[in-house]
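I have placed the structure first, in the form of C-alpha cells, so that the comments after it can refer back to it.
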Amino acid sequence: MTATVLSRSALDGAPPARGMDDADAAAVAQGTPIIRLRGVTKVYGQGQAAFQALKGVDLDIDSGDFVAVMGPSGSGKSTVMNLLGCLDTPTSGEYRFRGLHVERLSRDQRARLRRQYLGFVFQGFNLLARTSAQENVELPLLYRGQRTAERHRAAREALASVGLAGWEHHTPAELSGGQQQRVAIARALVTSPAVLLADEPTGNLDTQRSREIMDLLCTLNRERGITVLMVTHESDMAAYAKRVVHFVDGRVDSDWRQNSAPRIDAGRGDT
Ligand SMILES: Nc1ncnc2c1ncn2[C@@H]1O[C@H](COP(=O)(O)OP(=O)(O)OP(=O)(O)O)[C@@H](O)[C@H]1O
Ligand SMILES: [Mg+2]
Numbered sequence: 135m136t137a138t139v140l141s142r143s144a145l146d147g148a149p150p151a152r153g154m155d156d157a158d159a160a161a162v163a164q165g166t167p168i169i170r171l172r173g174v175t176k177v178y179g180q181g182q183a184a185f186q187a188l189k190g191v192d193l194d195i196d197s198g199d200f201v202a203v204m205g206p207s208g209s210g211k212s213t214v215m216n217l218l219g220c221l222d223t224p225t226s227g228e229y230r231f232r233g234l235h236v237e238r239l240s241r242d243q244r245a246r247l248r249r250q251y252l253g254f255v256f257q258g259f260n261l262l263a264r265t266s267a268q269e270n271v272e273l274p275l276l277y278r279g280q281r282t283a284e285r286h287r288a289a290r291e292a293l294a295s296v297g298l299a300g301w302e303h304h305t306p307a308e309l310s311g312g313q314q315q316r317v318a319i320a321r322a323l324v325t326s327p328a329v330l331l332a333d334e335p336t337g338n339l340d341t342q343r344s345r346e347i348m349d350l351l352c353t354l355n356r357e358r359g360i361t362v363l364m365v366t367h368e369s370d371m372a373a374y375a376k377r378v379v380h381f382v383d384g385r386v387d388s389d390w391r392q393n394s395a396p397r398i399d400a401g402r403g404d405t
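Each residue of the sequence shown is one higher than the one before, starting from 135 at the first, in our numbering.
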C-alpha cells in the first residue's frame, strides 16, 4: 500500500501556505513508503564515551505493513524505534515519513508529527501509577488540547476497542499485567495514529496474555489499516507479523516476509 505524501505545512498551526515541494511530489510519483530510513546512524555520548548504537540503517516500511523487529540485546532496536517515534533524532542519515524529511522539521513540527500520526507503546508499560485507566488514555488528547467531553468519549472508545470497557476507573495497580498493557495500547491508539510503534509489548506477559496482545495488534493492523512495528525477542510473537527485520550490531542483518497470514486467533481460549 502506498502512503499519501505529507507536506511540511500540514504540521504547522497555520493553514498550508504552499503545496508539496518538488521532493514531495517526486516521492508521490515513485510510490512512497510511509517510513523510509537511509544511512541512519546514532551515536550516544561524546569523545571517549561515544557509542555508535546505529551504524547505517536503511529501511522502508509500506503503509499497512506489520513488522516484527528482532535482534540481540543492545543491537539498536529501541534506538531505531525511538527515532521512528520522533522521541530522539538521528546523528546522521535520512528519515522520511510519508515523503517528508523528518530531520528537517523543527522541534515543534516533529512533536506535532508524533502527536498526529504516531502511537508509541514503550518497553515496560509506562503508565501513570495513581491515575485511572481512563485518565492515562486521555493524556495524549490533553496534550492536543482536546475538549473534556471529547477526551472522555475517545478514551472510553479506545479502552473498549482493547477489551477494557468497564475498567475505566481502575488504576494500574488494580489491573493485571495484560490489562495494563492494553491500557498502554489504548493510550497509543486514542489519537488514531497511522503507525503504531510497540517496543516489546509482550515483554512482561505470560504466553496466554502475550497471544491476546498479538491478536489485538493483528486486528488493529487488519481492520483499521494501522501500520505496526513491534520489537520482540520471541519468535512465537514475531510469527504474527507479515515481515521480520533482524538487527545485529546497529545494522539490519536480515529482512524477510513471512508466508503465512498472521495467526489471528492463535491460542484463544479453548486450547
Ligand atoms: N541513552 C543512551 N546513552 C548511551 N548509550 C545508550 C543509550 N541508549 C542506548 N544506548 C546503547 O546503545 C545500544 C543499543 O541500545 P538499544 O536500547 O537500542 O538496544 P536494544 O536492541 O533495544 O536492546 P534490548 O533488547 O536489550 O532492549 C546499547 O549498547 C545501549 O547500551
Ligand atoms: Mg530495547
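From the three backbone atoms N, C-alpha and C, an ideal C-beta is built for every residue, glycine too.
Reducing DSSP to helix, strand and coil, say where residue i ends up.
i    : result
T223 : coil
D333 : strand
K189 : strand
D181 : The residue you asked about is not Asp; residue 181 is Gly in the sequence shown. The answer is helix: DSSP assigns G181 an H, G or I state.
D370 : helix
A202 : strand
L351 : helix
V214 : helix
S209 : coil
L276 : helix
D194 : strand
T265 : coil
G173 : strand
S344 : helix
Alpha carbon to alpha carbon, how far is residue j from residue i? Give it in angstroms, no decimals.
i    : j    : result
A288 : E272 : 8 Å
D383 : E368 : 18 Å
C220 : R244 : 6 Å
A292 : D389 : 32 Å
C352 : Y374 : 7 Å
T225 : G165 : 27 Å
A263 : D333 : 20 Å
L309 : F259 : 12 Å
A320 : V177 : 32 Å
A267 : A299 : 10 Å
K189 : L276 : 37 Å
Evaluate residue i with the Cβ neighbour count: other Cβ atoms within 10 Å of its Cβ, from every protein chain shown; 16 or more gives buried, anything less gives exposed.
i    : result
N270 : buried
R285 : buried
N393 : exposed
P206 : exposed
S326 : exposed
F185 : exposed
Q182 : exposed
CB of residue i to nearest heavy atom of ligand 4: below 6 Å?
i    : result
A183 : You won't find ligand 4 in this model; what it holds is ligand 1 and ligand 2.
Since residue i and residue j are thought to touch, with beta carbons under 8 Å apart, how far apart are those beta carbons, to the nearest angstrom?
i    : j    : result
V329 : L239 : Not confirmed; about 16 Å, so no contact.
E237 : R172 : About 10 Å separates the two Cβ atoms, so there is no contact after all.
V362 : M215 : Not a contact, Cβ separation roughly 12 Å.
TODO: With a cut-off of 7 Å, give the chain-ordered residues whose Cβ is closer than this to any heavy atom of ligand 2.
DONE: K211, S212, Q257, D333, E334 and V365
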